[in-house]
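Residue numbers (the numbering used here), protein chains in the order written: chain A, 3 to 272; chain B, 210 to 578. These notes concern the structure reproduced below.
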């Protein structure tokens, strides 16, 4: 296991406050994400999971608090000033958020062209090509336009674009939502294998209990406008919070736990 | 941060070896690919033992170089080996853009597709009109099913809310016609004929036509966007499954609202345009409103008013129909809502002008000149 105390966290959120009009979403929220881990962020609908992610990547300006990514403060700075940080992260939005006028391969090239305009077009085409295949898309998907892709393929294409710059940090917003169970499981495996081969840190928002059990090292629970607990699922189960208990011990939570036990038995993983 | 990627050529037991150093990452490769391309001839081995970091792009460059020169890779760390394997697996021919067909066949293809599309749209519009008439018949037989509140609401949005903008537009057009007419007709000493011009052209043509264009832009587009969004969010499907006919609940009130409102707004527009012209005359030529109105009554036949009022509901029908038709054509894609909305406005204005030309010939033939 990684020793978290040795290294500073990759994402450090302190005292975050977000509100929309009267409605307070976050209040005094703290969170640390460490290098090399897959952290799952869970919470009921409307607890501000996506708002938290948008705050970290600078799409949402919070009312209060500070956010550091790779040790650099994010808030209150211009896009130009955070360019070195933004080069090191990739974001997969819920629907893939592909640019509809570009093909899949061209979508992957957009961040490359933006940040490294000096790369030769030939090398850029090759990079786009292997990224597309690496995310599990068939080679034929490269010259297709987003409108021609299924939901699962759009997500993979979005992931290919998020990985274009070989980022160290990957944000995934509900990557398995709307996928069939086989597709969701493949996406989970893909996320884990990418983390293992590329050494990624993954910030994963999900409702999918199977994903939590299968690939997350730690889980952060959002409730009551804060992160009420962070830890492995076993650690969270030991807590006495009613929402956590209901979430993991409800029928769906139990099924996911059983499925994961079976998977580990058959694979011989400990 | 580690130094930028670099390489040196060495001789090792008579064989050429390329030794990489620094960080083989996207941020550090810089001009490495270009310099590597300058290395010609056979290379026996690539040595990675001096590199400190590597990412997939570095691995790709190394692998490509190794393949091109038939070199073996040595000294790769655990990470580097894993990445090399990973990019190796991912190496498949992928096209970046779809193949382009020759321009000649492509243009022919596009012309053909556009023609077929135009034909389909016209047929679809006709079928939609038929379906709406069927729904109208059903509603007339069972008046209880008619959505009175929806109709009243539409009447307000289409009609009452448009009074301000249509009034302003008509007033200004009245002033422009009066001013331009006066300037031109003055040359023949016939500026008093401008009153004929204002009265007749606004009642016969411009009042209704300008109103139709405004309503097409304001309400026809809104209909298409509303219904299109409802199609995407599956509201229309939900309606059908509950047993509510979208034709009766959504289309009929909208089309009826434009049919009812167009004559009223067209008449209002003509009136305001005449007032605008009258005010300009009053100010610039010092002709009092009473004489203006008196002269107007002498030169404008009542049939001019009928011409405008007969055309208006037909224009309203076209606008409402194309708006709803295009909205209902949206399938599952947010981009289509924008395209369909544009199409609704363009087609409505185009059809209105075509029908207007037919009306002009028709009224001339029956003697309402």
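The beta-carbon is built from N, C-alpha and C at its ideal position, and this holds for glycine as well.
Taking Cβ to Cβ, would you say residue i is nearer than 7 Å to residue j?
i	j	result
residue 92 (chain A)	residue 172 (chain A)	yes
residue 489 (chain B)	residue 404 (chain B)	no
residue 154 (chain A)	residue 181 (chain A)	yes
residue 225 (chain A)	residue 49 (chain A)	yes
residue 235 (chain B)	residue 266 (chain B)	yes
residue 533 (chain B)	residue 461 (chain B)	no
residue 85 (chain A)	residue 143 (chain A)	no
residue 230 (chain B)	residue 264 (chain B)	no
residue 161 (chain A)	residue 94 (chain A)	yes
residue 141 (chain A)	residue 303 (chain B)	yes
residue 231 (chain A)	residue 241 (chain A)	yes
residue 40 (chain A)	residue 204 (chain A)	yes
Interface residues of chain E around residue i at Cβ under 7 Å?
i	result
residue 144 (chain A)	Looking for chain E here will not work: the only protein chains present are A and B.
Cβ closer than 8 Å: which chain B residues qualify as neighbours of residue i?
i	result
residue 168 (chain A)	234, 235, 264, 265 and 266
residue 105 (chain A)	305, 306 and 307
residue 102 (chain A)	544
residue 89 (chain A)	236
residue 108 (chain A)	305 and 306
Straight-line CA distance for residue i to residue j?
i	j	result
residue 612 (chain B)	residue 567 (chain B)	Any property of residue 612 (chain B) remains undetermined from this structure, which presents chain B solely from 210 to 578.
residue 372 (chain B)	residue 485 (chain B)	15 Å
residue 131 (chain A)	residue 38 (chain A)	26 Å
residue 3 (chain A)	residue 72 (chain A)	For residue 3 (chain A), the pLDDT reaches just 45, beneath the cut-off of 50, and the residue's location in the model is therefore unreliable, although a value from the coordinates is still provided. Cα-Cα distance, rounded: 21 Å.
residue 570 (chain B)	residue 515 (chain B)	15 Å
residue 315 (chain B)	residue 330 (chain B)	22 Å
residue 176 (chain A)	residue 200 (chain A)	21 Å
residue 212 (chain B)	residue 270 (chain B)	17 Å
residue 267 (chain A)	residue 258 (chain A)	14 Å
residue 210 (chain B)	residue 239 (chain B)	Reliability fails at residue 210 (chain B), whose pLDDT of 45 lies under 50, so the model's placement of it is uncertain and no value is given.
residue 108 (chain A)	residue 268 (chain B)	21 Å
residue 577 (chain B)	residue 367 (chain B)	30 Å
residue 345 (chain B)	residue 477 (chain B)	28 Å
residue 499 (chain B)	residue 415 (chain B)	24 Å
residue 30 (chain A)	residue 170 (chain A)	27 Å
residue 529 (chain B)	residue 563 (chain B)	16 Å
residue 24 (chain A)	residue 58 (chain A)	22 Å
residue 96 (chain A)	residue 174 (chain A)	8 Å
residue 464 (chain B)	residue 370 (chain B)	17 Å
residue 15 (chain A)	residue 32 (chain A)	5 Å
residue 219 (chain B)	residue 100 (chain A)	46 Å
residue 297 (chain B)	residue 83 (chain A)	36 Å
residue 117 (chain A)	residue 51 (chain A)	28 Å
Give the C-beta separation of residue i and residue j to the nearest angstrom, bearing in mind that I take them to be a contact with Cβ-Cβ under 8 Å.
i	j	result
residue 126 (chain A)	residue 114 (chain A)	5 Å
residue 440 (chain B)	residue 537 (chain B)	7 Å
residue 190 (chain A)	residue 178 (chain A)	7 Å
residue 535 (chain B)	residue 433 (chain B)	4 Å
residue 206 (chain A)	residue 43 (chain A)	7 Å
residue 196 (chain B)	residue 413 (chain B)	Any question about residue 196 (chain B) goes unanswered here, given that chain B covers just 210 to 578.
residue 166 (chain B)	residue 360 (chain B)	Absent from the model: residue 166 (chain B). The displayed extent of chain B is 210 to 578, so no value can be given.
residue 509 (chain B)	residue 408 (chain B)	4 Å
residue 531 (chain B)	residue 334 (chain B)	7 Å
residue 220 (chain A)	residue 234 (chain A)	6 Å
Strictly below 7 Å CB to CB, what residues from chain A border residue i?
i	result
residue 299 (chain B)	132, 135 and 136
residue 542 (chain B)	149
Whose Cβ in chain B lies nearer than 9 Å to the Cβ of residue i?
i	result
residue 199 (chain A)	265, 288, 291, 292, 294 and 295
residue 171 (chain A)	Under the 9 Å cutoff, chain B gives no residues; its nearest Cβ is about 13 Å from residue 171 (chain A).
residue 129 (chain A)	235, 265, 266 and 269
residue 191 (chain A)	Those within 9 Å of residue 191 (chain A) in chain B number zero; the least Cβ separation is about 14 Å.
Give the interface partners of residue i over in chain A, defined as CB-CB distance under 8 Å, in chain order.
i	result
residue 243 (chain B)	122
Give the interface partners of residue i over in chain B, defined as CB-CB distance under 7 Å, in chain order.
i	result
residue 125 (chain A)	242
residue 141 (chain A)	301, 302 and 303
residue 39 (chain A)	Correct list: empty, because the minimum Cβ distance to chain B is about 18 Å.
residue 348 (chain A)	Chain A is shown only over 3 to 272; residue 348 (chain A) falls outside these bounds and no answer can be derived.
Please confirm whether any heavy atom of the ligand MN lies closer than 6 Å to the CB of residue i.
i	result
residue 204 (chain A)	As far as ligands go, the structure on display features none, and thus does not contain the ligand MN.
>> Tell me whether the stretch 549-568 of chain B and the stretch 449-467 of chain B touch, counting them as touching only if at least three CB pairs, one residue from each stretch, are closer than 8 Å.
In response: no
>> Three or more C-beta pairs under 8 Å: does that hold for the stretch 55-70 of chain A against the stretch 243-257 of chain A?
In response: no
> Taking three-plus beta-carbon pairs below 8 Å as touching, is the stretch 213-226 of chain B in contact with the stretch 235-248 of chain B?
Replying inline: yes
> Contact between the stretch 292-310 of chain B and the stretch 271-279 of chain B: three or more CB pairs below 8 Å?
Replying inline: yes
>> Three or more C-beta pairs under 8 Å: does that hold for the stretch 470-484 of chain B against the stretch 375-389 of chain B?
In response: yes
> Should the stretch 523-532 of chain B be called in touch with the stretch 414-424 of chain B, which here means at least 3 C-beta pairs below 8 Å?
Replying inline: yes
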